[in-house]
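For reference, the structure is listed below as structure tokens.
2 protein chains.
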Amino acid sequence: MPVNYTPPAPETLLPVAGVALGIARAGIRKADRKDLLLIRLDPGAAVAGVFTQNRFCAAPVIACREHLAAGAIRALVVNTGIANAGTGEPGLAAARATCAAVARLLACEPAQVLPFSTGVIMEPLPVARIEAGLPACAADLREDNWAAAAEAIMTTDTVPKAASRQIKLGGATVTITGIAKGAGMIRPNMATMLGFVATDAAVAQPLLERLTREAADASFNCITVDGDTSTNDSFIVIASGKAGNAPVADAASPDYAALQQAVTAVAAELAQAIVRDGEGATKFITIEVRGGRDAAECKAVGYAIAHSPLVKTAFFASDPNLGRILAAIGNAGVEGLDVGRVRLWLDDVLVAEQGGRAASYREEDGARVMRQAEIAARIDLARGAAQATVWTCDFSYDYVKINADYRS
Amino acid sequence: MPVNYTPPAPETLLPVAGVALGIARAGIRKADRKDLLLIRLDPGAAVAGVFTQNRFCAAPVIACREHLAAGAIRALVVNTGIANAGTGEPGLAAARATCAAVARLLACEPAQVLPFSTGVIMEPLPVARIEAGLPACAADLREDNWAAAAEAIMTTDTVPKAASRQIKLGGATVTITGIAKGAGMIRPNMATMLGFVATDAAVAQPLLERLTREAADASFNCITVDGDTSTNDSFIVIASGKAGNAPVADAASPDYAALQQAVTAVAAELAQAIVRDGEGATKFITIEVRGGRDAAECKAVGYAIAHSPLVKTAFFASDPNLGRILAAIGNAGVEGLDVGRVRLWLDDVLVAEQGGRAASYREEDGARVMRQAEIAARIDLARGAAQATVWTCDFSYDYVKINADYRS
Numbered sequence: 008m009p010v011n012y013t014p015p016a017p018e019t020l021l022p023v024a025g026v027a028l029g030i031a032r033a034g035i036r037k038a039d040r041k042d043l044l045l046i047r048l049d050p051g052a053a054v055a056g057v058f059t060q061n062r063f064c065a066a067p068v069i070a071c072r073e074h075l076a077a078g079a080i081r082a083l084v085v086n087t088g089i090a091n092a093g094t095g096e097p098g099l100a101a102a103r104a105t106c107a108a109v110a111r112l113l114a115c116e117p118a119q120v121l122p123f124s125t126g127v128i129m130e131p132l133p134v135a136r137i138e139a140g141l142p143a144c145a146a147d148l149r150e151d152n153w154a155a156a157a158e159a160i161m162t163t164d165t166v167p168k169a170a171s172r173q174i175k176l177g178g179a180t181v182t183i184t185g186i187a188k189g190a191g192m193i194r195p196n197m198a199t200m201l202g203f204v205a206t207d208a209a210v211a212q213p214l215l216e217r218l219t220r221e222a223a224d225a226s227f228n229c230i231t232v233d234g235d236t237s238t239n240d241s242f243i244v245i246a247s248g249k250a251g252n253a254p255v256a257d258a259a260s261p262d263y264a265a266l267q268q269a270v271t272a273v274a275a276e277l278a279q280a281i282v283r284d285g286e287g288a289t290k291f292i293t294i295e296v297r298g299g300r301d302a303a304e305c306k307a308v309g310y311a312i313a314h315s316p317l318v319k320t321a322f323f324a325s326d327p328n329l330g331r332i333l334a335a336i337g338n339a340g341v342e343g344l345d346v347g348r349v350r351l352w353l354d355d356v357l358v359a360e361q362g363g364r365a366a367s368y369r370e371e372d373g374a375r376v377m378r379q380a381e382i383a384a385r386i387d388l389a390r391g392a393a394q395a396t397v398w399t400c401d402f403s404y405d406y407v408k409i410n411a412d413y414r415s
Numbered sequence: 008m009p010v011n012y013t014p015p016a017p018e019t020l021l022p023v024a025g026v027a028l029g030i031a032r033a034g035i036r037k038a039d040r041k042d043l044l045l046i047r048l049d050p051g052a053a054v055a056g057v058f059t060q061n062r063f064c065a066a067p068v069i070a071c072r073e074h075l076a077a078g079a080i081r082a083l084v085v086n087t088g089i090a091n092a093g094t095g096e097p098g099l100a101a102a103r104a105t106c107a108a109v110a111r112l113l114a115c116e117p118a119q120v121l122p123f124s125t126g127v128i129m130e131p132l133p134v135a136r137i138e139a140g141l142p143a144c145a146a147d148l149r150e151d152n153w154a155a156a157a158e159a160i161m162t163t164d165t166v167p168k169a170a171s172r173q174i175k176l177g178g179a180t181v182t183i184t185g186i187a188k189g190a191g192m193i194r195p196n197m198a199t200m201l202g203f204v205a206t207d208a209a210v211a212q213p214l215l216e217r218l219t220r221e222a223a224d225a226s227f228n229c230i231t232v233d234g235d236t237s238t239n240d241s242f243i244v245i246a247s248g249k250a251g252n253a254p255v256a257d258a259a260s261p262d263y264a265a266l267q268q269a270v271t272a273v274a275a276e277l278a279q280a281i282v283r284d285g286e287g288a289t290k291f292i293t294i295e296v297r298g299g300r301d302a303a304e305c306k307a308v309g310y311a312i313a314h315s316p317l318v319k320t321a322f323f324a325s326d327p328n329l330g331r332i333l334a335a336i337g338n339a340g341v342e343g344l345d346v347g348r349v350r351l352w353l354d355d356v357l358v359a360e361q362g363g364r365a366a367s368y369r370e371e372d373g374a375r376v377m378r379q380a381e382i383a384a385r386i387d388l389a390r391g392a393a394q395a396t397v398w399t400c401d402f403s404y405d406y407v408k409i410n411a412d413y414r415s
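One line per chain: the protein sequences are A and B, in this order. Numbering (this note's numbering) for the first sequence: 8 to 415. Numbering (this note's numbering) for the second sequence: 8 to 415.
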């Protein structure tokens, strides 16, 4: 069960004009589950994406990068079950064959199709099953189909993840709706596992690319479940341009700021949902680091804490064994860190200062916070004005169970 | 139960002339367990050490560095139960008070005593209990007491770790005996949790310092259990000079090479014993990376694999889900890595080449190797001549159990 996360009711996921979604049960790896998603875009949509930094990036990521560079994207196709990663040249050919099959069905060019895969690494993609499933996707294409789409991209997720909101942009009502999947192998670097956010706002292509990077950095690039960056991480933002707003073309405009904020809010809601549904998670942990010389060292401290198995198991056990957090801070590789000035709080309880336990700290206060399902660890490095936030979950028996059993 | 490790029989641990050990049950954190060790050195011993790189280094580590710089060490004192880390100025005062108590007992200066602590972080060191226990240690001082000493430094270790051997050095018989402790928070960086190796060889002080660094780099700095570098890691080499050999004073001499090799062999045996007894370990994994541009990138790849919870749980499950190893290699941050040239073997089974699964690979071969208690993962990066080895263990339910329950 996710930590304090309930998927939104299907009717609250607002359709985005110009973006239709259709799903199918293609039997890609397991029979009779939604495992194939087709997203069709009306002509004129702007699309931008950020992708995994893993050197063993998956074949579909290679194809996505190529096709995005060419522009004029008309469709996205997503399969679960098989990641098509660690598959070499045959994997790239399989990704291209998938795009060609979509292009035939929708009467566009293969280079106008973005492919995505998620699932087991190093197994061949069953292209024939995808081809066979695509007509059912096409028959199912509807703009009010986001809830089914969120289900169709799940792997070890226990719940679908989706979010939606509307804002006013110069008199026009603009809708933003997104879905994401991911529960393990989560430590995105420039992107998430799979996240798709669509808006009907009109946005100039270069600005959409900037907005996508900024939204990723403040959402999917702030989360970690187990520190493993996947081979397939992709985050895509679609702007269909149907809302009737004056096209957003100036990064200094209020419209850009408003849209950037709204897309980031949807992306952050999805990113946090991934952590809340993290494999085996029983707690949602926010790590706020401030007082750093730059955001990079704040994030390094946040991730050092979020990746420490000892810290994560202490959260699982509700054990205020908080020296483990100090040890993780000390391991973050912050050059010249004066540990005597570092302060650590759990929620509002001051735990450590002057290199040791705070005089005011009482074990029962730490224990009280550690029992909560949502905990904020706050660290002040006291050497600058930068800050960063990392969201993570605890580390339980079930993480081991899920990952020891995943293929069986 | 450790993976293929049985502690050596006490009578096989050879005494080192000039090095006497005494233990006590001081009740430092739990009643009636061996938790205090005193090591007395005859005058003239050379002593060198390497220590944790964690910025929150423990108070005894600070004191050790100071006292080693002054030289003429006459005693080491080790307590378990409390790490005296994250304890600020009062912690440093407690470490100094411990040294003073030993100095009074042995009629030397406090600066001639090296203090070591291991256990829970951020709790105050009960100096009075240590002082009260020291006379029992002094009464127990014997050169043939290594087996009891190995027991007295254990925390979550399930077995004591010790090793011993003899070599000939220019006609003289030289003995090397060592002990170590550690099972979790293990990813040493320039040192181990606690490791003490003594030899009766005569070695010049500057050369002993070099030998200590080299031995650590090829032993304790090659292991990881959970990627957490402790606040207290310390590795100490003592050379009592009683063996009657011509003092080793030239790094280019065969005597230096022979002694360095023998000390490294003892240190590596102790380091591997720590991994074999890693918290919850059911398998011992050797990761050999070759074909790198330098040893650092080979070690980065080895540690990326050894730290991936997904890889470690797959080893635990005996599941040849080997794409997880490729993903970890891709995450190691090796600039310009050509994944199409990387090859991966499990023991002698070629698993991956040309960016994907090897044509010759059969799942049953991978499954056969994964079922073994000892597995070698071999990676060829095919871009240089450097190599490195990392030793690690798998990640099981019991790791979570041990670390969720440690303080209770």
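Where is the CB? At the ideal position from N, CA and C, for every residue including glycine. The model shown is predicted, which means the values in this text are computed figures rather than measured ones.
Residue range of the alpha helix (DSSP H) that includes residue i
i, result
"residue 319 of chain A", "316-323"
"residue 173 of chain A", "Taken as a continuous stretch (DSSP letters only), residue 173 of chain A belongs to no alpha helix (DSSP H), being part of the beta strand (DSSP E) at 168-176."
"residue 43 of chain A", "Element bounds for residue 43 of chain A: not the alpha helix (DSSP H) but the beta strand (DSSP E), 43-48."
"residue 140 of chain A", "134-146"
"residue 213 of chain B", "212-224"
"residue 281 of chain A", "261-283"
"residue 32 of chain B", "Per DSSP, residue 32 of chain B belongs to no alpha helix (DSSP H) and is neither H nor E."
"residue 97 of chain A", "95-113"
Exposed unless 16 or more other CB atoms sit within 10 angstroms - verdict on residue i
i, result
"residue 247 of chain A", "buried"
"residue 283 of chain B", "buried"
"residue 175 of chain B", "exposed"
"residue 286 of chain B", "buried"
"residue 131 of chain A", "exposed"
"residue 320 of chain B", "buried"
"residue 378 of chain A", "exposed"
"residue 129 of chain B", "buried"
"residue 479 of chain A", "The question about residue 479 of chain A has no answer, for chain A in this structure spans 8 to 415."
"residue 226 of chain A", "buried"
"residue 140 of chain B", "buried"
"residue 279 of chain A", "buried"
Residue interval of the beta strand (DSSP E) (run including residue i)
i, result
"residue 385 of chain B", "381-387"
"residue 72 of chain A", "Note, residue 72 of chain A: premise wrong, no beta strand (DSSP E); alpha helix (DSSP H) at 66-77."
"residue 396 of chain A", "393-400"
"residue 160 of chain B", "Note, residue 160 of chain B: premise wrong, no beta strand (DSSP E); not H, not E."
"residue 181 of chain A", "179-188"
Residue i: contacting residues in chain A (beta-carbon distance under 9 Å)
i, result
"residue 404 of chain B", "404, 407, 408, 411"
Beta-carbon neighbours of residue i, restricted to chain B and to distances below 7 Å
i, result
"residue 291 of chain A", "Within 7 Å Cβ-Cβ: nothing; residue 291 of chain A doesn't reach chain B, min ~18 Å."
"residue 136 of chain A", "Near residue 136 of chain A there are no residues of chain B at all, since even the closest Cβ is about 19 Å away, more than 7 Å."
Candidates the options: closest to residue i by CA position
i, options, result
"residue 341 of chain B", "A/14, A/50, A/63", "A/63"
"residue 12 of chain A", "A/388, A/277, A/251, A/240", "A/277"
"residue 207 of chain B", "B/51, B/403, B/37, B/45", "B/51"
"residue 408 of chain A", "B/29, B/294, B/326", "B/326"
"residue 368 of chain B", "B/376, B/359, B/375", "B/359"
"residue 165 of chain A", "A/317, A/76, A/393, A/187", "A/187"
"residue 38 of chain B", "B/70, B/66, B/88", "B/88"
"residue 363 of chain A", "B/95, B/45, B/68, B/48", "B/95"
Neighbour list for residue i in chain A, Cβ cutoff strictly below 7 Å
i, result
"residue 128 of chain B", "330, 331, 333, 334"
Beta-carbon proximity of residue i to residue j, cut-off 7 Å
i, j, result
"residue 372 of chain A", "residue 356 of chain A", "yes"
"residue 107 of chain B", "residue 116 of chain B", "no"
"residue 113 of chain B", "residue 29 of chain B", "no"
"residue 271 of chain B", "residue 21 of chain B", "no"
"residue 239 of chain B", "residue 92 of chain B", "yes"
Chain A residues whose Cβ lies nearer than 8 Å to that of residue i
i, result
"residue 97 of chain B", "363"
"residue 162 of chain B", "Correct list: empty, because the minimum Cβ distance to chain A is about 13 Å."
Neighbouring residues, chain B, relative to residue i (Cβ below 8 Å)
i, result
"residue 124 of chain A", "Those do not exist, as residue 124 of chain A stays about 12 Å from chain B at its closest Cβ, beyond 8 Å."
"residue 341 of chain A", "62"
Proximal chain B residues relative to residue i, where beta-carbon distance stays under 9 Å
i, result
"residue 387 of chain A", "The premise fails here: residue 387 of chain A is roughly 15 Å from chain B at the closest Cβ pair, so nothing lies under 9 Å."
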